[in-house]
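Have a look at the structure below before the remarks.
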Amino acid sequence: MTAIGGCCACPKKPTSADCESGFVPIFNGIDTTGWVYGTHNGKPHRSGAGYGVRDGVLFCTEKDGGNLFTEREYGDFAFRFEFRLTENANNGIGIRAPLEGDAAFVGLEVQVLDDSGSEYRNLKPWQYHGSVYGVVASRRGAQRPVGEWNEEEISIVGSKIRVTLNGQVIVDADLASVRDPEILKAHPGLERRRGHIGFLGHGTRVEFRNMRVREL
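Okay, here's the thing in structure tokens:
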């Protein structure tokens, strides 16, 4: 895969015009214009008041959240964002996902998780932060302490996916190399080449900001 420069992968400063060239904001920092809630079994996948926006930050809480997706679909792209976790926080980034169903299976889900959380000491390797859920395990150790902002980039071109967290590549995989019949059966989303980007809440507070995309 061609390396994608920027806040996570580029040797230049994050504010460098070269690093940010071609990236377009997909969150206005004011409200959820341009975003839509997914559905599951025909019902809106939204809990409580849904995602909130305050001071340029998109957030979900223990009671408010759900699955919030871009109205637009994307195929090959790089997605950059910042996130801040609370203790035992759990969320996910849906990519190439349809609006209906469980994005971790009918699309792809890149985990957003407090790897240091007391509730998550005995997970499968592919459940930790940055992993492609159920498919590819990430390398651990790049996540900042709870309460600090992290920078992440997810780039996907064809079947090749790379996840970079705070300047460290934690996933670099070709999804076409997955041959396990049980994984393939459980994850038809591996075959998708286009879909929505989304935030997949799991009943904990997680904050996101500075979301932008470059189509490749």
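For the sequence shown, the working numbering gives the first residue as 112, with consecutive numbering after it. All C-beta atoms in this analysis are idealised placements derived from N, C-alpha and C, irrespective of residue type, glycine included.
Out of the options, point me to the one whose CA is closest to residue i's CA.
| i | options | result |
| --- | --- | --- |
| V217 | R305, Q279 and R195 | R305 |
| E318 | F188, D129 and E198 | E198 |
| E259 | I267, D225 and L286 | D225 |
| N152 | L286, S132 and A214 | A214 |
| N201 | L276, C130 and G228 | G228 |
| V147 | I308, H313 and G314 | I308 |
| D283 | L234, I265 and N233 | I265 |
| Q279 | E263, V289 and N233 | E263 |
| K154 | D129, S132, G212 and C130 | G212 |
Ignore the nearest five residues each way along the sequence and tell me which others in residue i's own chain have a CB closer than 6 Å to its CB.
| i | result |
| --- | --- |
| G149 | H156, N178, F180 and L210 |
| R255 | N261 |
| M322 | I137, F138 and F192 |
| H240 | Q222, L224, D226 and Q254 |
| S270 | D285, L286 and A287 |
| I281 | G241, S249, R250, A253 and V274 |
| G312 | C171, G176, G177 and N202 |
| P236 | A248 |
| P292 | none |
Return the Cβ separation of residue i and residue j in integer angstroms, given the expectation that the two are a contact with Cβ distance under 8 Å.
| i | j | result |
| --- | --- | --- |
| G167 | R320 | 6 Å |
| L196 | V274 | Going by Cβ atoms, the distance from L196 to V274 rounds to 16 Å, so no, they are not a contact pair. |
| Y244 | E220 | 4 Å |
| R325 | F194 | In fact, because the Cβ distance is near 19 Å, the residues do not count as touching under 8 Å. |
| D187 | L327 | 4 Å |
| A160 | D175 | 4 Å |
For residue i, is the classification buried or exposed, using 16 other Cβ atoms within 10 angstroms of its Cβ as the cut-off for buried?
| i | result |
| --- | --- |
| T144 | exposed |
| G205 | buried |
| R183 | exposed |
| T126 | Because T126 sits at a pLDDT of 48, beneath the cut-off of 50, its placement in the model cannot be relied upon, and the following sentence gives the value as read from the coordinates. The residue in question, T126, is exposed, as its Cβ has fewer than 16 Cβ neighbours within 10 Å. |
| A287 | exposed |
| G300 | buried |
| I141 | exposed |
| R207 | buried |
| S158 | buried |
| K123 | Residue placement at K123 is poorly supported in this model, since its pLDDT is 42, which falls under 50; the coordinates still yield a value, given next. Exposed is the call here. |
Among residues of its own chain, excluding the 5 on either side of residue i, which ones have a beta-carbon nearer than 8 Å to its beta-carbon?
| i | result |
| --- | --- |
| F170 | Y162, G163, V164, R316, V317, E318 and F319 |
| E173 | G314, T315 and R316 |
Leaving out five residues before and five after residue i in sequence, what residues of the same chain have Cβ atoms less than 7 Å from its Cβ?
| i | result |
| --- | --- |
| H298 | F216, G245 and V246 |
| V289 | V246, L295 and L301 |
| E230 | N199 |
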